[in-house]
Each structure stands twice: as C-alpha cells, then as structure tokens.
Amino acid sequence: MLRASTTGFDCGTRGSRIEAAHGFGSFVKAPLDNSGALWAVGLIYAIRIEDDPLARELVMATGVDNSALLDQRENRMVPVEIGVINIGCLIDGKPYYSLPPRPPMSLTEVELCSDAEILRFTGRLEFFRLVLNTREVPSDELLGAALQLASEKRASAVERTQFLVECGRRLASLLSHDLTRLAHVLELIRP
Amino acid sequence: MNVAVAFNQLVDQVQRMGRYLGTRWNSAADRIALALERFDAACDLERVQERIKLVRGAGVSGYRGAAPLDAPLSEIVCGVADPPSPPDRATLIAADGSQIYPDPHAPALYYLINTGVFTYYHGEPRLPNQQSAPQLYYKQSEIEDQDGRTINNQTVNARRTVEEMKRLAERAAELATDSTAYRPLIALHDGGLLKFFGASEIAGAKQLEADYFKALRSLAESRAVLAGYPGAQRASYVIALLHLLSLAPEQVNDANLKTNGDLEGLSDARFYAEILLPGQRSALMAQNSPQNLEYKKREPAFEIAFFYLNVAEEGEAPRIARVDVPMWVAREASAVDALHALLLQQCAIQGRKRYPYALTRADELAVVSGHERAQVDQLIRIAMLENGLTPEESEKLQTKGLARGKRRQHRIKR
Numbered sequence: 000m001l002r003a004s005t006t007g008f009d010c011g012t013r014g015s016r017i018e019a020a021h022g023f024g025s026f027v028k029a030p031l032d033n034s035g036a037l038w039a040v041g042l043i044y045a046i047r048i049e050d051d052p053l054a055r056e057l058v059m060a061t062g063v064d065n066s067a068l069l070d071q072r073e074n075r076m077v078p079v080e081i082g083v084i085n086i087g088c089l090i091d092g093k094p095y096y097s098l099p100p101r102p103p104m105s106l107t108e109v110e111l112c113s114d115a116e117i118l119r120f121t122g123r124l125e126f127f128r129l130v131l132n133t134r135e136v137p138s139d140e141l142l143g144a145a146l147q148l149a150s151e152k153r154a155s156a157v158e159r160t161q162f163l164v165e166c167g168r169r170l171a172s173l174l175s176h177d178l179t180r181l182a183h184v185l186e187l188i189r190p
Numbered sequence: 000m001n002v003a004v005a006f007n008q009l010v011d012q013v014q015r016m017g018r019y020l021g022t023r024w025n026s027a028a029d030r031i032a033l034a035l036e037r038f039d040a041a042c043d044l045e046r047v048q049e050r051i052k053l054v055r056g057a058g059v060s061g062y063r064g065a066a067p068l069d070a071p072l073s074e075i076v077c078g079v080a081d082p083p084s085p086p087d088r089a090t091l092i093a094a095d096g097s098q099i100y101p102d103p104h105a106p107a108l109y110y111l112i113n114t115g116v117f118t119y120y121h122g123e124p125r126l127p128n129q130q131s132a133p134q135l136y137y138k139q140s141e142i143e144d145q146d147g148r149t150i151n152n153q154t155v156n157a158r159r160t161v162e163e164m165k166r167l168a169e170r171a172a173e174l175a176t177d178s179t180a181y182r183p184l185i186a187l188h189d190g191g192l193l194k195f196f197g198a199s200e201i202a203g204a205k206q207l208e209a210d211y212f213k214a215l216r217s218l219a220e221s222r223a224v225l226a227g228y229p230g231a232q233r234a235s236y237v238i239a240l241l242h243l244l245s246l247a248p249e250q251v252n253d254a255n256l257k258t259n260g261d262l263e264g265l266s267d268a269r270f271y272a273e274i275l276l277p278g279q280r281s282a283l284m285a286q287n288s289p290q291n292l293e294y295k296k297r298e299p300a301f302e303i304a305f306f307y308l309n310v311a312e313e314g315e316a317p318r319i320a321r322v323d324v325p326m327w328v329a330r331e332a333s334a335v336d337a338l339h340a341l342l343l344q345q346c347a348i349q350g351r352k353r354y355p356y357a358l359t360r361a362d363e364l365a366v367v368s369g370h371e372r373a374q375v376d377q378l379i380r381i382a383m384l385e386n387g388l389t390p391e392e393s394e395k396l397q398t399k400g401l402a403r404g405k406r407r408q409h410r411i412k413r
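First to last, the sequence lines map onto chains Z and G.
The numbering of the first sequence is numbering that gives the first Met the number 0, which starts it at 0 and goes up by one.
The numbering of the second sequence is numbering that gives the first Met the number 0, which starts it at 0 and goes up by one.
Below is the structure:
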C-alpha cells in the first residue's frame with residue numbers, strides 16, 4: 000500500500016510479481032486493521048509502470064541486455080503501481096456495499112480476492128452504483144471487466160449466463176436515463 | 000519566487016563564455032595537426048625509451064607525461080588495438096561511494112559514508128547482486144584530527160575512496176572462492192587508481208594510504224582485473240610525451256617541460272578523438288610521476304598504467320575515456336583484452352549514455368540525496384531526545400531557513 004483514502008488506494012509491487020490475475024477489473028482486498036475481520040474490497044482500475052532517466056536510456060540502447068533487464072525488474076526501486084477503487088468491504092466475511100469506514104494503512108499487504116469471496120461479493124449487485132459513479136476511471140469498461148471476471152467464477156455455463164443477464168437487468172434500471180451508455184456497458188458484458 | 004542570481008547580468012557573461020570556448024576549440028585544430036605529426040613519429044619505441052631515460056635521469060624532475068611500460072610489456076605509443084571479442088562469461092563488480100560531510104550546523108557533528116557495490120554477471124541472464132552499506136562516524140576520534148579540529152571534506156573524501164576500494168576488495172575476495180561466479184573477475188572503481196593521500200590537510204593520511212594498498216593487495220590476490228574509470232579527463236599525459244619527443248636531447252630540462260610547449264592546452268581526450276575509431280583503445284602507458292614511482296617501489300605490481308578507449312558506437316562522434324589498470328593487470332594480455340571488450344559491452348547497455356552500466360548502478364546504490372540527509376538528521380535528533388539531549392539547529396541555519404522558505408499567498412476564506 001502506497002497511498003489510500005476511503006474511496007480507493009494505490010499499491011506498488013515489483014514488476015516480476017505481476018501476474019495474469021492482477022489484471023484490469025480484478026477484485027482485491029486490503030485489511031483495515033490487525034483483527035483480520037475487516038477488509039476493504041476494491042477493483043483494479045489502472046496499472047502504471049513508471050520510468051526514470053536510466054530506464055529511458057536502456058530503452059534507447061540497440062539491444063536490451065538480459066541481465067540489465069532482470070536488474071531493472073527485480074532490483075531497482077521502480078515499482079509497478081496499481082490503482083484500486085473501493086467498492087465495499089468485508090466484515091467477518093460478510094459483504095457490505097458501501098465505502099469502507101477508513102482507508103487501509105500504508106505498507107498494508109494487498110491480496111487478490113479468492114474465488115469464493117468474489118462469488119460471495121457478487122452475489123448481490125449493489126456495488127454497481129459505486130463503480131458507475133466513480134469519475135476519473137473508465138468506469139463502464141471497469142464494470143464490464145469485473146463482471147466478466149466474476150461470471151467466470153460461476154461453475155456452469157448456465158450460471159454464468161444467468162449472472163450476466165441479471166447484471167444487465169440491474170444496469171438497465173441504473174442507466175435508464177442514458178441509453179447510449181447502457182448499450183455500451185451491455186455490449187461489454189454480453190455472454 | 001525570490002531569485003538570488005541576477006540573470007540579466009549573467010546572460011551576457013554566459014554568451015562571452017560560449018564565444019571563448021568556441022574560439023578555444025577551433026584554435027585547437029592547428030595543435031591537433033601538429034600533435035598528429037609527432038604521434039606518427041612516436042612509433043619508434045627505442046627513441047621514445049631514450050627520451051624517457053633522459054627525463055628519469057639526474058637533473059630532470061618535472062616530467063609528468065606518459066611513458067611506455069617497461070620491456071617486455073611496452074607497446075608502441077602510436078599503436079591502437081581493435082575491440083576484441085568479449086569472454087563468454089565474466090563477473091563485473093563495481094563500487095562507488097557517497098558521503099554526508101560534517102556540518103557544524105547539524106544537530107550533532109558526524110559524517111556518513113555510504114558505499115554501493117554492484118555485481119553484474121556477463122554471459123547469461125542472471126540477476127545482478129546489489130549491496131549498500133552506510134557507515135556513521137560520530138566519535139571524537141573519528142571526527143577530529145590530532146589537533147582537535149573537525150576533519151575537513153578532503154579527509155572525508157579520502158576515507159570514502161579507501162572505503163570504496165576496501166568494499167571492492169572484500170567482494171572480489173568473496174567471489175574468488177564462489178564457484179558460481181564467472182571468470183574473469185573484473186573490478187571497476189569510479190575514478191583514477193593513482194591516489195595521493197600525502198596532502199597535509201588529510202587527517203590520518205598514512206593510515207589511509209596503508210589501507211588503500213592493503214585493498215590493492217587483496218584485489219591482486221583475488222586475481223581481480225582491477226580498473227579505474229575516471230572517464231572523460233582533461234589530462235595531457237600523452238600530449239606531454241609528444242612535446243618531450245619534439246625536444247632535442249639538450250633541450251630536455253625542467254624549464255622546457257614546465258608546459259607542453261606548442262601543444263599546451265590540448266588534452267589527451269581531444270587528441271585521441273582524432274585517432275581512435277569506435278571501440279579501439281590506445282597503447283598501454285604509465286604516467287611518469289614520483290607518485291607512480293612510489294607505487295612501483297612499494298610493489299612492482301602496483302604501478303598504475305592507463306589506456307584511452309573510444310566507447311562510442313559505430314557512426315557516433317568519438318567518446319574518449321581513460322582507463323587505469325595496475326601492473327598486475329597490464330602484464331596479462333588476456334586480462335586487458337577482456338577488460339577492453341567488457342567495458343565496451345557495459346557502455347553499450349545504456350544506449351546514448353556511454354558509461355559502464357555497473358558503475359552507474361553502483362553510483363545509484365551509493366548516492367545520498369538531500370532528502371535522505373534530512374532523514375538521517377531527523378533520526379539523530381530523535382536519538383538525542385531519547386537520551387535527554389536537546390538538538391538545536393544553529394541560529395545561522397534557522398534564519399537562513401526562514402529567508403529561503405516558501406512564500407504564501409493571501410487568500411480570502413469563504
């Protein structure tokens with residue numbers, strides 16, 4: 000955890016620790032205290048890789064030296080930054096669809112949500128409004144990616160379709176005033 | 000923002016400086032042509048050795064130029080060597096250091112030396128090793144000289160240099176017994192290898208000198224290919240040699256050797272920019288100086304030799320760097336070849352900035368920023384408070400801080 004507020008947080012990690020699971024729209028959680036009972040739940044909306052003058056020079060070299068590449072990714076203090084918006088919290092494992100009461104503290108370890116936690120959290124769709132109303136992030140694409148990911152956690156094709164259809168219905172009621180936007184989001188979650 | 004420098008007064012001076020530098024650069028063309036002529040004549044190694052014999056004889060003491068290495072290692076002065084193929088595998092260690100000088104305005108008197116050691120494995124993708132070691136000095140015996148005066152910045156610089164060399168030697172010794180480390184083992188120091196600790200202003204100079212030679216000995220025992228990389232230099236050792244060669248034997252005296260005569264003002268780097276193609280190196284030579292003689296007397300293997308290297312890429316303008324090597328390296332043709340090739344490979348890693356990557360990273364590990372210095376001061380303040388002391392910044396620093404502080408704007412609150 001690098002920076003945090005109740006609406007979201009930025010965390011950093013080494014480039015080598017970034018995996019497929021840390022993609023755009025992934026569900027993550029961060030503890031809000033030491034009890035292990037209270038967690039902020041969020042969605043990854045941005046992954047930023049910062050540069051510095053040395054990295055820029057290495058890019059300009061004719062060939063990339065493999066040891067220097069490893070050095071850049073593993074040793075140098077240039078973290079990959081991950082931006083997260085909060086969409087709720089977990090209290091004793093039970094999901095709540097409002098912003099967490101306080102932000103996680105700096106240097107807190109951020110974890111990916113387990114499949115079971117994603118299923119439980121997306122059992123209700125009340126976090127849609129928090130995502131759709133978030134400015135300065137591509138909220139439609141973010142919600143689309145998160146819902147596609149959540150549908151993949153469902154056991155069967157029927158359940159997956161059922162979940163996405165349910166999501167579409169909820170979106171229709173939330174975005175009834177903006178049909179263009181609604182059509183776009185529905186396209187993003189088409190089964 | 001308050002601006003202290005009156006730029007309206009400075010702009011004109013900067014423009015005049017630019018014109019001066021331009022004229023100086025252009026006027027070097029004639030001297031370069033002359034130097035090139037003499038360089039061709041310097042191919043006669045016997046003649047060069049004769050002249051060197053003259054300046055090493057009684058009656059002459061002021062020659063500080065280049066000299067060929069002693070036979071059988073001597074290379075023809077006008078010779079150049081093409082870039083050799085790098086070894087399949089090698090280990091490069093680079094060390095660098097940085098410091099916080101003693102500050103009478105700090106909460107307490109101390110100084111800090113931070114050394115960075117970077118190990119790079121050439122030949123296959125392998126994660127480089129990085130180490131950083133800060134050392135705080137605060138005891139009276141460490142921060143005061145024998146007369147009870149606070150040690151000066153030159154002393155801290157000298158101690159830092161010795162610390163860098165010690166760390167380089169320690170790491171080389173570690174890797175010499177490590178079966179996973181590749182050979183040859185190249186040890187890079189950021190600066191020239193011919194150090195002078197004898198200045199009266201350096202506290203404990205004798206001990207520093209002893210420690211420096213101890214580190215050199217350890218590096219030699221580890222069979223490390225040690226190299227100093229002062230980079231771009233204004234040195235004119237080879238130019239001085241060319242001037243010497245232009246003198247008749249009876250003209251070789253201190254008065255004529257005081258300057259480089261009609262080549263005065265020309266640097267070796269500027270001259271070799273005309274000679275060396277990308278990747279080529281000059282002949283190995285040694286600086287003729289009492290200091291280098293002292294090194295040689297201490298141990299023949301410690302005499303410092305040097306060569307110039309064009310680290311530019313093909314098609315680029317020349318970029319000349321000086322490389323210092325001790326005689327135990329200069330004696331081994333394979334070690335010099337490996338060093339030559341690996342320095343080019345290291346410089347190529349950073350693209351447009353032709354500087355050994357390992358040295359860049361060692362510097363990054365060592366450098367103490369202003370922000371970090373403030374953090375060290377803060378930690379010291381806390382430690383003092385915990386021990387019942389009241390750290391106080393000097394009045395001088397506090398008032399400067401007030402005047403240098405940021406301005407605030409008036410805002411109407413609603």
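Just so you know, even glycine gets a beta-carbon here, dropped at the ideal spot from N, CA and C.
Quantities reported herein were computed from a predicted structural model and do not represent experimental measurements.
| Item | Value |
| --- | --- |
| With distance defined between alpha-carbon atoms, name the residue in Trp38/Z, Met104/Z, Gln71/Z nearest to Ile48/Z. | Gln71/Z |
| Would you decide whether Trp24/G is buried or exposed? Buried here means 16 or more other CB atoms lie within 10 Å of its CB. | exposed |
| Please classify Ser221/G: is it buried, with 16 or more other beta-carbons within 10 angstroms of its beta-carbon, or exposed? | buried |
| Just to make sure I have the definition right: I need the residues of chain C whose C-beta is within less than 7 Å of the C-beta of Arg166/G. Which are they? | Looking at the structure shown, chain C is missing, and the protein chains on hand are Z and G. |
| Considering only DSSP beta bridges, list what Trp38/Z is partnered with. | Pro30/Z, Leu89/Z |
| Taking 7 Å as the CB-CB cut-off, is Leu69/Z touching chain G? | yes |
| Does Ala54/Z have its Cβ less than 7 Å from a Cβ in chain G? | no |
| Taking Ile142/G as the query, report the chain Z residues whose CB atoms sit under 9 Å from its CB, ordered along the chain. | Ordered by position in chain Z, no residue passes the 9 Å Cβ test against Ile142/G, which lies about 31 Å from the chain. |
| For the region 347-376 of chain G, enumerate the residues whose C-beta is nearer than 8 Å to any C-beta of chain Z, in chain order. | Ala347, Ile348, Gln349, Gly350, Arg351, Lys352, Tyr356, Thr359, Arg360, Glu363 |
| From the DSSP output, in three-state form, read off Asp81/G for me. | coil |
| Check whether the Cβ atoms of Pro101/G and Ile142/G sit closer than 7 Å, and answer yes or no. | yes |
| Kindly give me the distance between the Cβ atoms of Leu89/Z and Val130/Z, rounded to whole angstroms, as I take these residues to be in contact under 8 Å. | Not confirmed; about 17 Å, so no contact. |
| At the level of alpha carbons, what is the spacing between Tyr119/G and Arg353/G? | 17 Å |
| Taking only beta-carbon positions, decide if Gln129/G is within less than 7 Å of chain Z. | yes |
| Would you give the residue range spanned by the alpha helix (DSSP H) that Val136/Z belongs to? | Per DSSP, Val136/Z belongs to no alpha helix (DSSP H) and is neither H nor E. |
| Does the region 117-131 of chain G come into contact with the region 351-368 of chain G, if we say contact requires no fewer than three beta-carbon pairs (one atom in each stretch) closer than 8 Å? | yes |
| Against Tyr119/G, what residues of chain Z qualify as contacts under a CB-to-CB distance less than 7 Å, listed in chain order? | Ser66 |
| Would you tell me roughly how many angstroms separate the C-alpha atoms of Glu91/G and Glu163/G, rounded to the nearest one? | Residue identity check: residue 91/G is Leu in the sequence provided, not Glu. About 15 Å. |
| Just curious, the beta strand (DSSP E) that Tyr307/G is in, first and last residue? | 303-309 |
| For Tyr137/G, which residues from the same chain have a beta carbon less than 6 Å from its beta carbon, with the 5 sequence-adjacent residues on both sides left out? | Tyr109 |
| Where does Thr133/Z land, buried or exposed, given buried means 16+ other C-beta within 10 angstroms? | buried |
| Using DSSP with H/G/I as helix, E/B as strand and the rest coil, what is Thr22/G? | helix |
| Gln98/G: buried (16+ other C-beta within 10 angstroms of its C-beta) or exposed? | buried |
| By Cβ distance, which residues of its chain are closer than 8 Å to Ala204/G, with the 5 residues on each side in sequence left out? | Ala157, Phe196, Gly197, Ala198 |
| At the 7 Å Cβ level, is Glu116/Z part of the contact set with chain G, yes or no? | no |
| Distance check for Ile86/Z and Tyr95/Z, CA to CA, integer angstroms please. | 9 Å |
| Taking 7 Å as the limit between beta carbons, can you name the residues of its chain near Ala311/G, skipping five residues before and five after? | Pro277, Pro317, Arg318, Arg353 |
| My output table needs one value for Thr5/Z: the three-state DSSP class, helix, strand or coil. | coil |
| Which residues does DSSP list as the beta-bridge partners of Cys10/Z? | Ile81/Z |
| Using the DSSP secondary-structure output, state which residues sit across from Tyr120/G in a beta bridge. | Thr90/G |
| List the residues of chain Z whose Cβ lies closer than 8 Å to the Cβ of Pro124/G, in chain order. | Asn65, Ser66, Leu68, Leu69 |
| Grouping DSSP H, G and I as helix and E and B as strand, with all else coil, what is Ser131/G? | strand |
| On a Cα-Cα basis, can you pick out the residue from Asp50/Z, Ser138/Z, Gln147/Z, Glu116/Z that is closest to Lys245/Z? | Outside the shown range of chain Z (0 to 190) lies residue 245/Z, about which nothing can therefore be said. |
| Excluding five sequence neighbours on each side, which residues of the same chain lie with their C-beta closer than 8 Å to the C-beta of Asp39/G? | Cys77 |
| Are three or more beta carbon pairs between the region 285-296 of chain G and the region 60-77 of chain G nearer than 8 Å? | yes |
| Spatial neighbours of Gly435/G within its chain, please: CB distance less than 6 Å, with the 5 preceding and 5 following residues excluded, ordered by chain position. | Residue 435/G is absent from the structure shown; chain G starts at 0 and stops at 413. |
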